[in-house]
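Residue numbers (UniProt numbering): 1 to 416. No residue lacks a Cβ here, since even glycine has one placed at the ideal position from N, Cα and C. Keep in mind that this is a model prediction, so the values were computed, not measured. In what follows, a structure is listed as structure tokens, so that the remarks can point back to it.
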Amino acid sequence: MRVLISGAGIAGPTLAWFLARAGARVTIAEKSQSVLPHGQNIDIQGSALRVIEKMGLMEQLRRFNTTEKGTQFIGPSGRPFALFPVTKDSSASLTSEFEILRGDLAMVLHEATKDHPNVEYLLGTTVNEVVANDDKSVTVRLNNGDVREFDLVVAADGQWSKVRKQCFPPDSVCVVDKSMYVAYWTIPRLSGDNDLWNIYMALQSRLLSIRPDPHGTIRAMLTRMPCNNAQSTAWQEACKSGSQTQQDLLRREFGGAGWEAQRLLDAMDQAPDFYFHAIQQIRMSKWSTSRVVCLGDAAYAPTPLTGMGTSLAITGAYVLAGELSKLEDGEHPARALDAYERVFRPFVEETQQIPSFIPAIMHPETAWKRWLFQAFAWTLSKVVSRLRAFPWMAKILKQSDEDFPLPEYTYQSLDG
């Protein structure tokens with residue numbers, strides 16, 4: 001089987017790892033000229049962690065651990081009021097035992113696949129056009145002009161997938177807006193910084209946080225839920241604009257917000273990885289069409305609110321590879337693509353159900369609402385060791401994919 005994967009992030013290389021070992025010939029097209037270690041903190045848990053174990057990459061995962069020791073909430077005075085240390089029970093903290101930067105994980109997966117004889121990386125390459133997608137094969141034209149034929153094309157090129165846009169009608173893709181915006185960037189580490197994820201809730205539905213990384217720097221994040229139509233319009237327009245407009249908006253909206261706000265804003269200009277976007281989910285009526293299938297954020301971006309984007313990408317790639325491995329030589333992939341969706345969609349849909357009150361709780365508009373959250377978080381931090389007895393509390397604190405039963409696959413040859 002000849003497989004083209006568009007995107008060398010998390011889902012694509014994970015899929016390539018399993019397919020290559022089943023004998024498939026895999027080509028990964030990545031628009032960047034190199035796999036760069038950029039991106040914010042992510043965690044791997046549950047069934048996704050078991051997939052990483054199957055790949056033999058646990059040692060690399062530990063080596064690139066962000067060193068984050070837990071999560072603490074900062075009050076208006078600048079002092080912490082609730083601490084959730086990292087534990088082996090990932091539901092007891094917003095920090096996972098296996099916390100890693102997205103870019104570091106992408107590098108680990110690239111290193112694990114780049115030298116396999118069945119894997120070819122085409123860096124600086126994108127799919128310009130899907131020329132044909134029929135019973136015989138799928139033909140693509142790359143940005144370098146090459147026209148190549150494959151048995152399967154996988155859109156693993158992110159939330160705003162260009163391959164998905166070419167191959168699926170607009171009414172098959174639903175973008176669910178969560179009325180929330182986020183900006184990330186890296187700032188220098190100071191001597192007073194700790195190894196915790198520090199979260200501060202300013203009033204007017206604003207949130208600031210900083211957290212450590214293994215590279216001697218700090219990852220900053222600002223989030224905002226607009227309070228009125230005028231604010232919503234300003235943030236929507238910023239999403240369509242360049243970084244200068246986005247940074248100007250952040251300075252206006254977060255200037256004087258308290259705690260470390262000014263430090264974060266002052267470091268924004270020099271950040272090499274500034275990123276600004278709206279929090280939105282992707283929901284598709286069907287993940288595949290003939291010989292093209294969507295994977296990871298391209299199919300089911302759950303938003304950072306779930307903490308599950310990476311886990312879905314890894315586990316989804318494993319399921320897709322496993323179902324493809326059941327095909328007979330030369331068989332059309334439709335049976336495998338339908339099985340991938342049948343097995344994995346129920347869990348994806350459950351994960352995407354974010355309680356409507358969660359974002360608002362984390363973004364209090366008034367001092368009274370902030371006080372209520374502080375009282376709740378303080379109480380919760382005192383009983384965190386008993387979370388196993390209160391699973392509803394753990395569900396509020398953090399989603400997990402522990403409930404997804406990871407299938408076992410016996411790989412047969414896909415070299416036909």
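To which residues of the same chain is residue i closer than 7 Å at the C-beta, ignoring the five residues directly before and after it?
i	result
residue 391	Note that residue 391 has pLDDT 47, beneath the 50 cutoff, so the model's placement of it is unreliable and the number below is only indicative. Result list for residue 391: empty, nothing under 7 Å.
residue 55	17 and 112
residue 409	322 and 325
residue 73	80, 81, 82, 199 and 377
residue 157	6, 7, 163 and 298
residue 411	21, 22 and 325
residue 361	373
residue 259	74, 78, 200 and 208
residue 99	41, 43, 65, 66 and 68
residue 370	201, 203 and 364
Which residues mark the beginning and the end of the alpha helix (DSSP H) in which residue i is found?
i	result
residue 410	Taken as a continuous stretch (DSSP letters only), residue 410 belongs to no alpha helix (DSSP H), as it is neither H nor E.
residue 179	Careful: residue 179 lies outside any alpha helix (DSSP H), inside the beta strand (DSSP E) at 173–188.
residue 361	357–361
residue 346	334–351
residue 218	Segment 217–224 is the beta strand (DSSP E) holding residue 218; no alpha helix (DSSP H) there.
residue 320	309–324
residue 243	243–254
residue 370	367–382
residue 265	261–267
residue 209	It is not in any alpha helix (DSSP H) - residue 209 instead sits in the beta strand (DSSP E) that spans 206–212.
residue 239	229–239
residue 257	Segment: none, residue 257 is in no alpha helix (DSSP H) and carries neither H nor E.
residue 297	297–300
Which residues bound the beta strand (DSSP E) around residue i?
i	result
residue 277	275–284
residue 197	197–202
residue 99	99–101
residue 2	2–6
Measuring CA to CA, which of the options is closest to residue i?
i	options	result
residue 343	43, 18 and 407	407
residue 125	143, 114 and 112	143
residue 219	410, 208, 228 and 227	208
residue 203	214, 212, 194 and 222	222
residue 62	213, 182 and 371	213
residue 169	97, 51, 359 and 286	286
residue 23	116, 136 and 49	116
residue 274	256, 239, 255 and 303	239
residue 153	272, 382, 1 and 215	1
residue 244	183, 64 and 146	183
residue 86	210, 196 and 288	196
residue 241	76, 276, 256 and 266	276
residue 263	337, 315, 210 and 345	210
residue 417	141, 30 and 19	As displayed, the chain neither begins before 1 nor continues past 416, which places residue 417 out of reach and without an answer.
If I measure Cβ to Cβ from residue i and keep anything under 6 Å in the same chain, skipping five residues before and after, which residues do I get?
i	result
residue 290	133
residue 217	186 and 189
residue 340	319, 320 and 323
residue 60	108
residue 27	4 and 120
residue 205	225, 227, 363 and 365
residue 389	Here the model assigns residue 389 a pLDDT of 40, short of 50, so the residue's position is not dependable, and the following value carries that caveat. For residue 389, where only same-chain residues beyond five positions count, there are no Cβ hits under 6 Å.
residue 405	none
Just to confirm my understanding: we take residue i, look at its own chain, exclude 5 residues before and 5 after, and list those with CB closer than 8 Å. What are they?
i	result
residue 269	247
residue 249	234, 235 and 238
residue 232	179 and 226
residue 310	10, 42, 43, 44, 48, 102 and 105
For a cutoff of 8 Å on Cβ pairs, would you count residue i as touching chain B?
i	result
residue 73	Among the chains of the structure shown, chain B does not appear; only one protein chain is present.
*In chain order, which beta strand (DSSP E) runs of at least 3 residues are fully inside the region 9–89?*
25–30, 41–43, 70–74 and 80–85
*Is the region 328–336 close to the region 349–365, with three or more CB pairs under 8 Å?*
no
_Does the contact criterion of 3 or more C-beta pairs under 8 Å hold for the region 161–181 versus the region 277–285?_
A contact exists between the region 161–181 and the region 277–285.
*asked:* Would the region 143–163 count as touching the region 297–307 if we require 3 or more Cβ pairs under 8 Å?
replied: yes
*Do the region 367–386 and the region 70–81 make contact, defined as three or more Cβ pairs closer than 8 Å?*
yes
*What are the complete beta strand (DSSP E) segments, minimum 3 residues, inside the region 104–178?*
119–123, 127–133, 138–142, 147–150 and 152–155
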